[in-house]
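For the sequence shown, full-length UniProt numbering begins at 1 and goes up steadily by one.
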Amino acid sequence: MQFFSSDFKLGILGGGQLGKMMLYETRKWDIRTKVMDASPEAPCKIASNEFVLGDLMDFDAVYHFGKGVDVLTIEIENVNLDALEKLEHEGIRVYPPTKTLRTIQNKATQKLFYTDHGIPTAPFTRFAYTSEIEDSIHNGGLQLPFVWKSAQFGYDGQGVKVVRKLEDLQGLPNVECIAEKMIGFKNELAVIVARNTKGEVKTYPVVEMEFHPEANQVEYVICPARIDETVAQKAQEIALKVSEQMKHIGLLAVEMFQTQDDEILVNEVAPRPHNSGHYSIEASYTNQFEQHIRAILGLPLGKTDSKVAGIMVNLVGAEGHTGDVVYENMADILKMEGVTPHIYGKRETRPFRKMGHVTIVDEDMARARQVAQEVKETIKVTTNKSQ
């Protein structure tokens, strides 16, 4: 099939920043795109060939959208899977496959998949409702502290809470959930695995993630991870095993814990381009968004090595600011060497909302980390109109 400068149409469900960065690559190759999102202000709106307003969880909206494209992909997991399944049965190529998405979309199902396939993960208990947890604690079935996770629709720090005492359960939604044992870890790591429709597989280098203590969001992604080679090797092997067992097509970001005694436990996965791979736009031979396009179109996968050390800093809305966004001190960070900001196109900021990211590249990792710190301390995402 001719993909380039032709009538071929790639459909993307979700019009956020991941889709926007995917569209950099489709435009580079002149691949026609059609995007659906529920927000008329979606970042993808200006960059796609066609933009459709629609609810990603609505069967009819997703089905009718999918009937008008040749290949359908996602930039967010929370989409109507029954519609995708029907499209697959009718011959539309859907990547990642619906079967993979069914496993991943529900965190309880995802965790059971790991235990069933011999993939190391933190011990957990599954609950039909949050309200059942208190009884389990009283009966000695569950020990404090633990991490509460909503089984569905949690992302970017939403739907996750550390429960240290009974009172912490107050205010949590009464939904299907898991209670996961707290792991004393040294590092949070991630490996992105790419698999194309022909079965070719490649992994990106292991990255290290530093999290914001309160927002449960990644603050820094560091590539390569500052870990021992044997640990990196183990992380790569486990990520490949997850990919092999899930039979995904496209990208799979595998997030992992490195324990105090250097065991690797899988935390969770995302079947799409991921925050942990944004550094690749500036630092890699083939960035993750181009790689995703290559994979779902059955094209040869690109080289995943880094050209240079890369650190990514998330730009999130400052606390206490909701409204029209202002990026303070942008000129100051642009003076720094090796610094590239990416602004996602969201006009309204709110506390901890992902508004953009900044990549810092340098041959010297220590220097890149130092500049990343300066960037973090300099740029502010506010609503301060006096700037």
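Beta carbons: idealized from backbone N, C-alpha and C, even for Gly.
Counting C-beta atoms within 10 angstroms of its own C-beta, L144 has fewer than 16 neighbours from the protein chains shown and is therefore classed as exposed. Annotation for I74: I12, L13, G14, P96, L101, P271 and R272 place their beta carbon closer than 8 Å to its own, counting only its chain and skipping 5 residues before and after. DSSP, reduced to helix, strand and coil, places D135 within a helical segment of the structure shown. For F113, the CB contacts under 6 Å within the same chain, skipping 5 residues up- and downstream, are T103 in chain order. Across the structure, V308 and K45 are spaced so that their CA atoms are roughly 32 Å apart.
With respect to N287, I281 sits close: the two C-beta atoms are nearer than 7 Å.
For the pair G66 and L87, the CB atoms are nearer than the 7 Å cut-off. For M336, there is no enclosing alpha helix (DSSP H), as DSSP marks it with neither H nor E. In terms of Cβ geometry, N78 and F153 form a close pair [threshold 7 Å]. Counted as a single uninterrupted DSSP element, the alpha helix (DSSP H) harbouring K234 occupies residues E229 to M246. Residue burial is scored here from C-beta neighbours: G277 has at least 16 other C-beta atoms within 10 angstroms and is therefore classed as buried. Only residues of its own chain outside the window of five on either side were considered, and among them N174 have a CB closer than 6 Å to the CB of Y129, listed in chain order.
A direct Cα-Cα distance of roughly 31 Å separates G345 from P300. Ranked by how close their Cα comes to the Cα of I333, the residues F257, M22, K376 and E50 have K376 in first place. With a threshold of 16 other beta carbon atoms within 10 Å, Y285 falls short and is exposed. Sorting T115, A179, L81 and T121 by C-alpha distance to the C-alpha of L142 places A179 at the top. M182 is the residue among E176, A318, M182 and S150 whose C-alpha sits nearest the C-alpha of R164.
Taken through DSSP and simplified to helix, strand or coil, V361 comes out as strand. Runs of alpha helix (DSSP H) with 4 or more residues, each lying fully within the stretch 87–114, are found at 98–105, listed in chain order. Taking the Cα of G317 as reference, the smallest distance to any Cα among T26, I343, I311 and Q170 is reached at I343. C-alpha of E255 to C-alpha of M312: approximately 16 Å in a straight line.
Around the C-beta of N275, 16 or more other C-beta atoms lie within 10 Å, and the residue is accordingly described as buried.
In the structure shown, F153 adopts coil according to DSSP, grouped into three states. Going by C-alpha positions, I238 is about 15 Å away from H248. The C-beta distance from A194 to E208 rounds to 20 Å, too long to fall under 8 Å, and the pair is not in contact. At the C-beta level, G184 and Q105 stay beyond 7 Å of one another.
Per DSSP, E290 has no beta bridge partner at all.
In the structure shown, S280 adopts helical secondary structure according to DSSP, grouped into three states. Burial state of D135 is exposed, judged by a 10 Å Cβ sphere holding fewer than 16 other Cβ atoms. Of the residues assessed, R353 falls on the buried side of the cut-off, its CB having 16 or more other CB atoms within 10 angstroms.
For K20, the enclosing alpha helix (DSSP H) stretches over residues Q17 to K28.
Here F4 is exposed, its C-beta having fewer than 16 other C-beta atoms within 10 Å.
Straight-line measurement puts the Cα of A253 at about 14 Å from the Cα of Q245.
Residue state for Y63 is assigned as helix, using DSSP reduced to three classes.
Counting the other Cβ atoms within 10 Å of the Cβ of F211 gives fewer than 16, which makes it exposed. In the three-state reduction of the DSSP assignment, L166 falls in the helix class.
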